[in-house]
Each structure stands twice: as structure tokens, then as C-alpha cells.
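I have placed the structure first, in the form of C-alpha cells, so that the comments after it can refer back to it.
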Amino acid sequence: MISPHAHAAGSVTRSIGPFLVPPLGLGCMNLSHAYGTPLDPATAANLLLSALEAGVTLFDTAALYGFGANETLLGKVLSPYRHQIVLASKCGMTGVDGRRVIDGRPAVLTQTCDQALKRLNTDTIDLYYLHRWDRKVPIEESVGALSRLVEAGKIRAIGLSEVSSATIRRAHAIHPIAAVQTEYSVWTRNAEISVLATCQEIGAAFVAFSPLGRGYLANGLSSVAHLAALPDNDIRHAMPRFAPDNFLANESFRRAWVSMSLEKRCTPAQLALAWLLHRCPHIIPIPGTTSVHHLQENLGALSLQLSETDMQAIAQLCASYPIHGNRYNESTQSEIDTES
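Residue numbers are given in my numbering: position 227 of the sequence shown equals residue 250, and the series is strictly consecutive.
As C-alpha cells, then:
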């Protein structure tokens with residue numbers, strides 16, 4: 024049950040590189056990118072400042088998001104509070120002439136970082152991820168370039184995104200990896216194959232993006248009609264799991280998930296986030312939202328206690344309702360290095 028006085032996000036901390044942050048961060052992508060029309064600047068600023076006021080300190084952006092617009096937004100809104108936050112961004116996947124391009128060449132990563140510093144209105148980025156591993160460039164070369172950015176004081180810690188355990192180990196041999204970011208939730212569990220354990224072994228935080236299943240686990244999409252109503256440029260249209268046939272095949276899971284949240288007297292989103300927080304102490308979910316109401320709802324997960332019996336019940340639910348559909352289409356999956 025959720026406490027009537029849910030504590031602020033800053034009351035408990037987890038480690039990410041040299042930083043201590045609350046257990047939930049904020050993924051900022053959907054303020055500018057991927058899910059239809061971006062928020063207007065004033066509404067987006069209000070969301071960011073509401074998160075800061077609620078105790079969130081880890082803010083996650085990338086050069087790709089809005090092709091620089093998201094970094095610019097964070098730089099404008101959060102730079103007066105720079106000393107209060109842990110600022111994370113990403114390189115290696117950017118927008119070039121209106122197209123998404125993966126490029127891990129050292130010179131490109133350095134240039135992307137310099138551009139990000141200007142947009143973010145800061146002298147240093149706390150945590151800088153390689154957004155995708157460019158298979159044409161050895162991971163050692165890309166991470167070597169990031170290590171030189173650390174030496175130059177432009178970034179403070181290095182992260183990786185969507186990579187396998189083997190790649191993590193190769194990268195970590197060049198420079199300590201502070202965090203690995205990969206999709207993880209009760210309906211996307213590839214990280215359990217080996218990446219979660221590898222992160223724990225090397226002392227890296229595991230940053231879980233899309234912890235609410237791109238809205239599905241929050242019960243934000245409960246019918247095929249909701250799918251059809253998504254904007255044409257919503258990335259979920261290209262994801263097999265959101266195709267109508269797979270969506271309908273997963274309906275039994277959705278209903279069971281909502282029912283379990285009602286039993287726990289919490290929302291489906293809070294149950295999904297609490298499950299992650301109870302899985303391992305090195306997991307830091309970064310749910311994104313465009314709604315202050317949903318932001319507050321998500322933070323309520325910090326007051327939800329799950330017993331071992333609860334965790335076993337969730338495991339049984341997941342075993343009873345296998346998820347239908349891959350998370351990415353074949354083209355996007357070919358770019359991803361994570362185990363499957």
C-alpha cells in the first residue's frame with residue numbers, strides 16, 4: 024500500500040559512478056522526441072522543474088533527442104540548478120540531415136560532446152553514454168575517445184547503452200564504466216541474461232529505460248483503439264509488440280497486471296517501478312513522462328513495499344502470460360548489441 028505521505032525522491036540514494044542519486048531519475052526523451060508532437064517549451068520547463076522540486080536529481084538526455092532540442096531544453100531550464108543535479112547525456116547516435124545516424128568514430132564523439140556542452144550550458148557532463156556501439160568502430164576506440172574527454176574535464180564518468188556483457192567487459196578494460204543503460208521492465212527482461220550481473224560485478228549502475236513498457240505497464244494503452252489514436256510519428260507504430268495482433272495476444276497479461284496493482288492498492292505504473300527497485304540495489308529506473316500528475320504518481324512507487332511473496336507472485340504472473348512480440352523490428356534490432 025502507498026503511504027499517504029509518499030516521501031520525496033531524494034530521501035534514499037543509489038550509486039551511479041561517483042554520484043549518489045535518488046532511486047528514480049527522469050528520462051527526458053519524450054519531452055522532445057519519439058512520441059508525437061513535443062511539448063511546448065513552457066510545459067516542458069514546468070515538468071522539469073516539478074521533477075527537481077520533487078527531489079529528482081538524475082536527468083537523462085541525448086544528442087539524438089529532438090536532434091539537439093532536448094539538450095537545449097535542459098540547458099535552458101536546469102542550468103541555474105546545475106550544482107543540484109546529475110546530468111547525463113549520450114553520443115554516438117545523432118541526427119544528421121534529418122536522419123538518425125550511428126557513428127562511433129572518436130572525432131565524431133568529441134565533436135558531439137563539444138556541441139552538447141554548449142547546448143546544455145555547462146562546462147562538464149556528469150555521465151556521458153555511448154548511445155549505440157557502432158560496429159564499424161572497435162568499442163575500445165570509442166571508449167578511448169570518451170576516456171580522453173574525462174581527462175580533459177569535459178565529462179566525469181562514462182556509460183554504455185544497449186550493449187552485451189562481452190562488450191561491457193571490453194569497454195571496462197579501457198576505462199571504468201559507471202553505468203549501463205538498457206530497456207528493462209517486467210515485460211522486457213533481456214538484461215537478466217547477463218548484463219545485470221556484469222554491471223554488479225564491475226560496480227556499474229544499471230539504468231533501466233522504458234521501465235513502464237513505453238506506457239503499456241502504466242495501463243496507458245488498454246485497447247487497439249488507443250493504439251490507432253497514437254500520432255503517426257509515434258515510434259511505437261514500428262515496434263512489433265504494439266502491432267494489433269501482438270497487442271491483443273498480450274491482453275491477458277495486461278488485465279492480470281492491472282488486477283495485481285489493485286490488490287496492492289497502487290497504480291500499475293507504481294507496481295512496475297517498485298518491482299524494479301526491489302530487484303537489485305544497483306538498478307536506477309528513469310521513467311519519462313510529459314505529465315506532472317504522472318511524475319508524482321511514479322515517485323509514489325518509492326513508498327511501495329513489496330514482500331518476497333509479492334515478488335514471487337509477480338514472477339508467477341510473468342511466467343503465466345509470456346509476452347508476445349519483439350521490442351524492436353528487425354532493422355533496429357540489428358543495431359543492438361544486447362543478448363536476446
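For glycine and all other residues, C-beta sits at the position ideal for the given N, C-alpha and C. Keep in mind it's a predicted model, so treat the numbers as computed, not measured.
Cβ-based neighbour list, residue i, same chain, cut-off 6 angstroms, excluding 5 preceding and 5 following
| i | result |
| --- | --- |
| Ala29 | At Ala29, the pLDDT of 35 sits below 50, so the modelled position is not reliable; the number obtained from the coordinates is stated separately. These residues qualify, in order along the chain: Gly323 and Ser326. |
| Asn144 | Gly98 and Ser102 |
| Glu163 | Ile197 |
| Gly236 | Ser208 and Trp210 |
| Val173 | none |
Beta-carbon proximity check, residue i vs residue j, cutoff 8 angstroms
| i | j | result |
| --- | --- | --- |
| Asn321 | Pro310 | yes |
| Ala180 | Gly48 | no |
| Glu358 | Val218 | no |
| Leu87 | Ala67 | no |
| Ala57 | Ile258 | yes |
| His301 | Leu318 | no |
| Leu62 | Thr313 | yes |
| Gly59 | Asn352 | no |
| Ile307 | Val44 | yes |
Contacting residues, own chain, Cβ-Cβ under 7 angstroms from residue i (five flanking each side not counted)
| i | result |
| --- | --- |
| Arg350 | Glu206, Thr211, Met262 and Arg264 |
| Ser38 | Ala228 |
| Ala266 | Gly348 |
Separation of residue j from residue i, as counted between CA atoms
| i | j | result |
| --- | --- | --- |
| Gly50 | Ser343 | 30 angstroms |
| Gln223 | Arg193 | 16 angstroms |
| Gly284 | Phe82 | Before going further, note that residue 284 is Ser rather than Gly in the sequence given. In a straight line, the C-alpha of Ser284 is about 27 angstroms away from that of Phe82. |
| Ile346 | Ala272 | 8 angstroms |
| Val79 | Ser170 | 28 angstroms |
| Ala248 | Leu340 | 26 angstroms |
| Ile125 | Gly167 | 17 angstroms |
| Val160 | Thr133 | 15 angstroms |
| Thr128 | Ala214 | Note on identity: in this sequence residue 128 is Arg, with Thr being the wrong assignment. Those two C-alpha atoms are separated by around 26 angstroms. |
| Val131 | Ala297 | 38 angstroms |
| Arg278 | Ile200 | 39 angstroms |
| Ala32 | Ala74 | Bear in mind that a pLDDT of 41 at Ala32, under 50, signals an unreliable position, so the model cannot answer this. |
| Pro234 | Trp280 | 14 angstroms |
| Tyr392 | Ala77 | The first residue shown for the chain is 24 and the last is 363, placing residue 392 beyond what the model contains. |
| Ser188 | Ala85 | 23 angstroms |
| Arg105 | Val203 | 23 angstroms |
| Asp146 | Arg123 | 26 angstroms |
| Gln335 | Ser282 | 16 angstroms |
Reduced DSSP category for residue i - H, G, I as helix; E, B as strand; rest coil
| i | result |
| --- | --- |
| Thr133 | helix |
| Pro41 | coil |
| Gly238 | helix |
| Ser187 | coil |
| Thr95 | helix |
| Val262 | Val is not the amino acid found at residue 262; the sequence shown has Met there. Coil at Met262, not helix or strand. |
| Leu75 | helix |
| Arg128 | coil |
| Leu153 | strand |
| Ser208 | strand |
| Val119 | strand |
| Cys114 | strand |
Contacts around residue i, its chain only, beta-carbon distance under 8 angstroms, and the 5 residues preceding and following it disregarded
| i | result |
| --- | --- |
| Asn69 | Val315 |
| Ile364 | The chain is shown only over 24 to 363; residue 364 falls outside these bounds and no answer can be derived. |
| Asp157 | Gly115, Ile125, Asp126, Gly127, Arg128 and Ser165 |
| Leu71 | Leu49, Cys51, Leu54, Phe82, Leu96, Leu97, Val100 and Leu101 |
| Gln107 | Leu75 and Thr80 |
| Pro254 | Tyr58, Gly59 and Thr60 |
Proximity to residue i [Cα-Cα], best of the options
| i | options | result |
| --- | --- | --- |
| Ala231 | Asn273, Leu244 and Ser184 | Ser184 |
| Ile197 | Tyr58, Ser165, Ala336 and Ala85 | Ser165 |
| Phe276 | Asn256, Asn93 and Ala241 | Ala241 |
| Pro64 | Ile337, Phe270, Leu96 and Asp333 | Leu96 |
| Ile191 | Pro61, Ala220 and Gly348 | Ala220 |
| Gln356 | Arg155, Gly89, Val119 and Leu150 | Arg155 |
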